[in-house]
Each structure stands twice: as structure tokens, then as C-alpha cells.
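In my numbering, the protein residues as written are 107 to 330. Beta carbons: idealized from backbone N, C-alpha and C, even for Gly. Scroll down for the structure; my scribbles are underneath it.
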Amino acid sequence: MLKFLKILFILICISSIHSSSQLPKGFVYVTDYIPDVELELRYFGSNNFVGTPIDGYEAEQCILTLPATKALQNVQKSLKKQQLGIKIFDAYRPQRAVDHFRRWAYDLNDTLMKSQFYPNVAKKDLFRLEYIATKSRHSSGSTVDITLIDLKTNQELDMGSSYDFFGEISWVSYQELTEKQLENRQLLQKVMLENGFRNYPKEWWHFTLRGEPYYNKYFDFPVK
């Protein structure tokens, strides 16, 4: 039995190495480094502002550059002291996914998810208001969309708005929230900034690693 378990362990390790070798140099699977990270990769499914799975997401895998992943390791370690953890909604995003968003944004008749994700914003204004763009920092591999969870309940902390909600309520500077919601947002900002990330002012969940290794390089390999 012991011999069998050793062989099984070796096979698992080999499988992990093989899968990682399929990624471009410098990229890793986040779960290889943070096994207990919570994932809800929205663009692999239909619970997103488009309402369909997004081009380039072929598996529910979370991919980032190695430096960004190591920085997230430190975030997770810090949060565990407070019985909290991180939950990731999106990380590396193929350029083909960004192109999918752009095509969707130009189709003004497709408003399937408007009531849930952008009820107070006209779809024609999504580019002007910088909620949709032709290029994304996510495609450079060191940007992550993230929130906090309570490790006892596995529930997300209340941030005052849902992930990918287009509107002022999602801005980092927005103050018309409850004391607890503001406290939760401040905690997320604090732990991410302390561990080498910078925020995006219009999305409380969006962070990019400072000094990212592939700045202004946009990758298009699929998530699989």
C-alpha cells in the first residue's frame, strides 16, 4: 500500500509539472502555489455582464505570472491571521476575451445582463466611461480581480456592490456605504497595497502588481 501511495504521489507531481510546462515562461497556475485559494472564474461560465462563457476560457483555471502569484501568497498568509482568505474572479485574461467584450459592447441591442451589471449606465457609454477597453492589464498576466471571504463560513465579505457592477458604487472612493462595507473595502485595499499591488479607482476588486514583468505585453494563449 505504501509503495502504491508513493507511485501515486510521483504521478501527481509529474502531471502538475507537465501541465505547468504548457504555459508561457513566467506564468503559473495559482492553485499550485495557493492550494486553498477560492475560485469563481466568472468568464468561464455565464454569470457575467455578457451572459455567456467568454472566448479563451476553456477551463476553470487561474493563471498569473509567478511574481504576482507569490505576492498573492503573502496576501493569503496575512489574511489567515484574521480568519480571512482571498477569492479570485479573474486573473490572466486572453486578448481574445477582451476582443469578445469589445464585440459585445458594440452590439447595443444585446442588453441581456443590463439589470444585473449596469442598470444605470447606457451600454453605448461603456467605452467612454472606461468600463470596457480594447486592451486589458489582465492580458499581461499580473492583474487580478479579487475579494475577501470569511474562512469559517466561506462567504464573501460585503463590499457594497457585486463584482463587475458598472457604476459609481463600485469606485474605490465611493463613500455612501455602511460602516462595515467601508471597513471591508478598506481592508482589501490595505492588504493588497501592502503586498505590492495597485488598485484601479473604478473597480474595488481590481489590482495590478507594481513592477509587473510583462507591462504592455498582451498575451492570447487560452486558459486551459
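Checklist entry - From 261, 147 and 140, pick the residue whose C-alpha is nearest to that of residue 330; which is it? => result 147
Checklist entry - Which residues in the same chain as residue 224 place their Cβ atom closer than 8 Å to its Cβ, once the five residues preceding and following it in sequence are excluded? => result 155, 232, 237, 271, 272 and 273
Checklist entry - Taking one C-beta from the segment 168-183 and one from the segment 244-253 each time, how about it: are there three or more such pairs within less than 8 Å? => result yes
Item to check | Terminal residues of the beta strand (DSSP E) in which residue 256 lies | outcome: 249-256
Next on the checklist: I'd like the span of the beta strand (DSSP E) that includes residue 340, first residue to last.
Outcome noted: This structure gives no information on residue 340, because the portion of the chain shown stretches from 107 to 330.
Item to check | Selected residue, minimal CA-CA separation from residue 130, among 169, 299 and 298 | outcome: Its Cα nearest to that of residue 130, the residue 169 stands out among 169, 299 and 298.
Next on the checklist: Helix, strand or coil, according to DSSP, for residue 224 in the structure here?
Outcome noted: DSSP places residue 224 in coil when its eight states are reduced to three.
Checklist entry - Thinking just about the alpha-carbon of each residue, which of 187, 200, 142 and 185 is nearest to the one in residue 150? => result Of 187, 200, 142 and 185, the residue nearest in Cα terms is 200.
Checklist entry - Rounded to whole angstroms, how far is the Cβ of residue 229 from the Cβ of residue 214, which I believe are closer than 8 Å? => result 5 Å
Checklist entry - Just to confirm, are residue 160 and residue 203 a CB contact at a threshold of 8 Å? => result The Cβ atoms of residue 160 and residue 203 lie closer than 8 Å to each other.
Next on the checklist: Going by C-alpha to C-alpha distance, which of 198, 241, 287 and 205 sits closest to residue 134?
Outcome noted: 198
Next on the checklist: Please give me, in chain order, every unbroken run of the alpha helix (DSSP H) with length at least 4 that falls completely inside the segment 160-226.
Outcome noted: 172-186, 201-212 and 220-223
Item to check | Whole-angstrom C-beta distance between residue 254 and residue 290, which should lie under 8 Å | outcome: 7 Å
Checklist entry - What is the DSSP secondary structure of residue 260, counted as helix, strand or coil? => result coil
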